[in-house]
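Written out as structure tokens, the structure is:
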């Protein structure tokens, strides 16, 4: 059975103010910064446990956040009517969830994540939301990368919005190597690298391992 530990840290107020300013500049909350530091320390020292940095508890904060980009083939009044209907349906009975007494981890792919984010079709979107709300859903970095690629190429979602929504998604879905996915989402929002390259850059930050690449832009941010 997994064991969880709570860590409390006391620091001087002046030092805390300096740290808060630094974390704000980096786009991190103090708790996120501490979790990333612990993860890096565990990896560097090869300690016999794995830090779980994803705070997924089966939330649904990212559900339907990209609804306005769904069904791009709809235009004009038809699209406006569809968006209105989707907005009205968000709080109806199809989204009521129940607590799972004995949850079983279920691996989800990019199709589940896309229906969850876009809320584009009633049945698959409802099923995706219920599964994720149950706290059972697990995804992998490669699935996150494919989801990002499809959102940008097929649905024309802006990179900055993709980065924001992928961070929210990491609160809802348990990602393997969740700290890397979160940091990659932030990096993706601020440059032109692919999400796969951002995953490499994020691992460089979190592990301290050097990166050898012929990609000049990736090389510049991993020095």
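Residue numbers (the UniProt record's numbering): 1 to 223.
Just so it is clear, CB atoms sit at the ideal spot from N, CA and C, and this is done for glycine as well.
Item to complete: For the alpha helix (DSSP H) containing residue 137, list its first residue and its last residue.
Response: Here residue 137 is taken as the residue at index 137 of the chain shown, counted from 1. Element bounds for residue 137: not the alpha helix (DSSP H) but the beta strand (DSSP E), 137-139.
message: One question on the structure: do residue 217 and residue 193 come within less than 9 Å of each other, judged by their Cβ atoms?
response: Here residue 217 corresponds to residue number 217 of the chain shown, with the count starting at 1. Here residue 193 corresponds to residue number 193 of the chain shown, with the count starting at 1. The answer is yes: Cβ separation under 9 Å.
- Query: Once you ignore the five residues that flank residue 169 on each side, which residues in its own chain have a CB closer than 6 Å to its CB?
  - Reply: What you label residue 169 is simply residue 169 of the chain shown in a count that begins at 1. Excluding sequence neighbours, residue 169 sits near 62.
- [ ] Name the residue from 105, 184, 145 whose alpha carbon lies nearest to the alpha carbon of residue 132.
- [x] Here residue 132 refers to the residue found at position 132 when the chain shown is read from its first residue. It is 105 whose Cα lies nearest to the Cα of residue 132.
As assigned by DSSP and simplified to three states, the class of residue 52: Residue 52 sits at position 52 when you count from the first residue of the chain shown. Residue confidence is low: residue 52 scores 49 on pLDDT, short of 50, so the model does not pin down where it sits. Its coordinate-derived value is still stated next. Looking at residue 52 - three-state DSSP - the assignment turns out to be coil, as it is neither helix nor strand.
- Query: Taking all protein chains shown into account, do 16 or more other C-beta atoms lie within 10 angstroms of the C-beta of residue 122, making it buried, or fewer, making it exposed?
  - Reply: Taking the chain shown and counting its residues from 1, the one referred to as residue 122 is at position 122. When all chains shown are included, residue 122 counts as exposed.
- Please determine if the segment 138-156 and the segment 166-180 are in contact, where contact requires at least 3 C-beta pairs separated by less than 8 Å. yes
Among all the DSSP beta bridges, which residues are the ones paired with residue 222?
-> Here residue 222 refers to the residue found at position 222 when the chain shown is read from its first residue. Paired residue(s): none; residue 222 is not in a bridge.
Take residue 154 as the anchor and find which of 186, 66, 205, 207 has the nearest alpha-carbon. Your numbering for residue 154 matches position 154 in the chain shown. Selected option, being the one with the closest Cα: 66.
Do residue 181 and residue 137 have their C-beta atoms within less than 9 Å of each other?
Numbered from its first residue, the chain shown carries residue 181 at position 181. Numbered from its first residue, the chain shown carries residue 137 at position 137. Not closer than 9 Å, so no.
- In angstroms, rounded to a whole number, what distance separates the CA positions of residue 73 and residue 189? Position 73 of the chain shown, counted from the start, is the residue given in the question as residue 73. Position 189 of the chain shown, counted from the start, is the residue given in the question as residue 189. Cα-Cα distance, rounded: 26 Å.
Using the rule of at least 16 other Cβ atoms within 10 Å of the residue's Cβ for burial, across every protein chain shown, is residue 233 buried or exposed?
No statement about residue 233 is possible, as the shown extent of the chain runs from 1 to 223 and does not include it.
Quiz item: Just how far apart, CA to CA, sit residue 161 and residue 201?
Solution: For this step, residue 161 is matched to residue 161 along the chain shown. For this step, residue 201 is matched to residue 201 along the chain shown. Rounded to the nearest angstrom, the two C-alpha atoms are 20 Å apart.
### Task
Could you work out which residue in 149, 159, 171 is closest to residue 135 when comparing CA atoms only?
Numbered from its first residue, the chain shown carries residue 135 at position 135. Minimum Cα distance to residue 135 is reached at 171.
Give the C-beta separation of residue 179 and residue 206 to the nearest angstrom, bearing in mind that I take them to be a contact with Cβ-Cβ under 8 Å.
Position 179 of the chain shown, counted from the first residue, corresponds to residue 179. Position 206 of the chain shown, counted from the first residue, corresponds to residue 206. Correct: roughly 6 Å between the Cβ atoms.
- request: Give the DSSP-derived three-state secondary structure of residue 175 in the structure shown.
  value: For the purposes of this step, residue 175 is taken as residue 175 along the chain shown, with counting starting at 1. Three-state result, residue 175: strand.
How is residue 107 classed by DSSP in three states: helix, strand or coil? Counting from 1 along the chain shown, the entry for residue 107 is found at position 107. Strand, per DSSP.
Checklist line | Straight-line gap, residue 30 to residue 17 (C-alpha atoms, nearest Å) | finding: In the chain shown, the residue the question calls residue 30 occupies position 30. In the chain shown, the residue the question calls residue 17 occupies position 17. Whole-angstrom Cα-Cα distance: 11 Å.
So what does DSSP say about residue 156, is it helix, strand or coil? Here residue 156 corresponds to residue number 156 of the chain shown, with the count starting at 1. The answer is coil: DSSP assigns residue 156 none of H, G, I, E or B.
Fill in: Distance cut-off 8 Å: residue 146 Cβ against heavy atoms of the ligand PLP
As presented, the structure is devoid of all ligands, the ligand PLP included, so that no description of it is given.
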